[in-house]
Amino acid sequence: MVTSEDQLFITQVLAGNTAAFEHLVRKYQDMVFTLAVRVLNHHEEAEEVAQDVFVKVFHSLSGFQQKSNFKTWIYRITCNESINRLRSKKNKISMVNLEEGLTAGFYDQNQNLESDEEKKIVQQALLTLSETERVMVTLYYYDEMSIKDIATITDMTETNVKTKLFRSRQKLYEVLKDQYSLFTSIIQTN
Amino acid sequence: MDREADKIVRMSIKKAGLEKPGKDFLHSVMSKIETQTEVAPVRIKNEALISRNGWLLIGGIVSLLLVTVLLTDSEYKLPFVISFETEMLHDYFSIFESRIFVVSIVITAIFVLLHTWLISRKMDDWYLRYKHQM
Chain Y
1 MVTSEDQLFI
11 TQVLAGNTAA
21 FEHLVRKYQD
31 MVFTLAVRVL
41 NHHEEAEEVA
51 QDVFVKVFHS
61 LSGFQQKSNF
71 KTWIYRITCN
81 ESINRLRSKK
91 NKISMVNLEE
101 GLTAGFYDQN
111 QNLESDEEKK
121 IVQQALLTLS
131 ETERVMVTLY
141 YYDEMSIKDI
151 ATITDMTETN
161 VKTKLFRSRQ
171 KLYEVLKDQY
181 SLFTSIIQTN
Chain D
1001 MDREADKIVR
1011 MSIKKAGLEK
1021 PGKDFLHSVM
1031 SKIETQTEVA
1041 PVRIKNEALI
1051 SRNGWLLIGG
1061 IVSLLLVTVL
1071 LTDSEYKLPF
1081 VISFETEMLH
1091 DYFSIFESRI
1101 FVVSIVITAI
1111 FVLLHTWLIS
1121 RKMDDWYLRY
1131 KHQM
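Protein chains in written order, with our numbering: chain Y, 1 to 190; chain D, 1001 to 1134.
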């Protein structure tokens, strides 16, 4: 179901108040951008895709079934757009880009060293997963979405989502438990 | 072990947080939307003045009249043709006895219909352009 706040803005946009769409962009921009980054692993491209997603959402708003979940709908569009972009650019993406993405794309220099290190560790760990698995993990652990909604977003069966989440968790745990012990020892020696 | 893994992964993902787009993100999205909304052509639903069924009915009546007229002097006569066979009507329709006249009337009719269609299309274009400028 659409939240009453979303519903209000959607109704206003459909009535011709384009400015009301700003509220929806502000509310979902971080998550849409994060999902695009998780798939593309590249900040500039992810920003382009995220912008395209919002433009697409704006133009498709009249066709949106308001009984369904707006959040699920917008995340589904994000995943599809990101995966399509990834497929079209796949040949150009090499391991070198992935490394660049890790340092230039993910790394936010405005944050302090400790949170930067932690963030970097998590992002390195996430790179061991496939694009879809990264999206699933973000939706499940960060946004706390249900398996059913994740299945709708990723266009998979619930069983498939559960299996992939289980495998992803195991992979992440294997990386994170070692990385965390190393990270903790670095912090302690400093 | 599963619980521990779940706990660590959940905590790590939460700590990593969300990625933030550039500061101009909102502005860029809204500019794109506003530009595309301005450029997008106004879609006007064109409704035909005479419906499809209306045209079929008109076509049917015209065909019936033509058949009636053309068969007036032939051996085969439809039962209702008798009603047309008043003296005045017969004199009036006698002009259709000339094959050249009938052919010229048909060609003129096609010519007029074609021009009507072309002019109406042109007028639709002018109307859409005028609406879009407003």
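Where a beta carbon is used, it is the ideal one built from N, C-alpha and C, also for glycine.
Inset, instruction - Can you tell me which of 130(Y), 142(Y), 40(Y) and 148(Y) puts its alpha carbon nearest to the alpha carbon of residue 68(Y)? - result: The residue you call residue 68(Y) lines up with position 68 of the first sequence. The option with the nearest alpha carbon to residue 68(Y) is 148(Y).
Inset, instruction - State yes or no: is the C-beta of residue 40(Y) within less than 7 Å of the C-beta of residue 86(Y)? - result: By 1-based counting over the first sequence, the position of residue 40(Y) is 40. By 1-based counting over the first sequence, the position of residue 86(Y) is 86. Contact flag set, yes.
Legend entry - chain Y contact residues for residue 1005(D), given Cβ-Cβ distances below 7 Å: Sequence index remark: in the second sequence, residue 1005(D) carries index 5 (1-based). In chain order: 169, 170 and 173.
Legend entry - the segment 67 to 83 of chain Y touching the segment 26 to 34 of chain Y, judged by at least three CB pairs closer than 8 Å: yes
Inset, instruction - Using a Cβ cut-off of 7 Å (strictly closer), state whether residue 1033(D) contacts chain Y. - result: Within the second sequence, the letter at position 33 stands for residue 1033(D). Yes, contact with chain Y.
Legend entry - Three-state secondary structure assigned by DSSP to residue 33(Y): Taking the first residue of the first sequence as position 1, residue 33(Y) is located at position 33. Looking at residue 33(Y) - three-state DSSP - the assignment turns out to be helix.
Legend entry - residue 1008(D), DSSP secondary structure in three states: To locate residue 1008(D), count along the second sequence from 1; it is residue 8. Helix at residue 1008(D).
Inset, instruction - Spell out whether any CB of chain D is found under 7 Å from the CB atom of residue 33(Y). - result: As a position in the first sequence, residue 33(Y) is number 33, starting the count at 1. Taking Cβ atoms only, chain D reaches closer than 7 Å to residue 33(Y), which makes this a yes.
Inset, instruction - Drop a sphere of 10 angstroms on the beta-carbon of residue 174(Y), count the other beta-carbons inside from all chains shown, and report buried for 16 or more, exposed for fewer. - result: Counting from one through the first sequence, the residue named residue 174(Y) turns up at place 174. It is exposed - the Cβ of residue 174(Y) has fewer than 16 other Cβ atoms within 10 Å.
Legend entry - C-alpha distance - residue 170(Y) paired with residue 43(Y), whole-angstrom precision: Taking the first sequence and counting its residues from 1, the one referred to as residue 170(Y) is at position 170. Taking the first sequence and counting its residues from 1, the one referred to as residue 43(Y) is at position 43. If you take the alpha carbons of residue 170(Y) and residue 43(Y), they lie about 27 Å apart.
Inset, instruction - Within its chain, find whatever has a CB closer than 6 Å to the CB of residue 199(Y); leave out the 5 residues flanking it on each side and keep chain order. - result: Nothing about residue 199(Y) can be read from this structure; chain Y reaches only from 1 to 190.
Inset, instruction - Give a yes or no on contact between the segment 1027 to 1035 of chain D and the segment 8 to 22 of chain Y, applying the rule of three or more CB pairs nearer than 8 Å. - result: Verdict: yes, contact present.
Inset, instruction - Can you give me the Cβ contacts of residue 36(Y) inside the same chain, cut-off strictly under 7 Å, excluding the 5 residues immediately before and after it? - result: One-based indexing of the first sequence puts residue 36(Y) at position 36. Counting only Cβ-Cβ distances below 7 Å, and skipping sequence neighbours, we find 46, 49, 50, 78 and 82.
Inset, instruction - Check whether the Cβ of residue 1098(D) lies closer than 7 Å to any Cβ atom in chain Y. - result: As a working note, residue 1098(D) is residue 98 in the second sequence. For residue 1098(D), the answer is no, since every Cβ of chain Y falls outside 7 Å of its Cβ.
Inset, instruction - Could you check which residue in 1004(D), 1058(D) and 1066(D) has the C-alpha nearest to that of residue 1105(D)? - result: Counting from one through the second sequence, the residue named residue 1105(D) turns up at place 105. For the set 1004(D), 1058(D) and 1066(D), the Cα lying nearest the Cα of residue 1105(D) is the one of 1066(D).
Inset, instruction - Starting from residue 1010(D), find everything on chain Y with Cβ-Cβ shorter than 8 Å and list it in chain order. - result: Taking the second sequence and counting its residues from 1, one reaches residue 1010(D) at position 10. Here the neighbours are 141.
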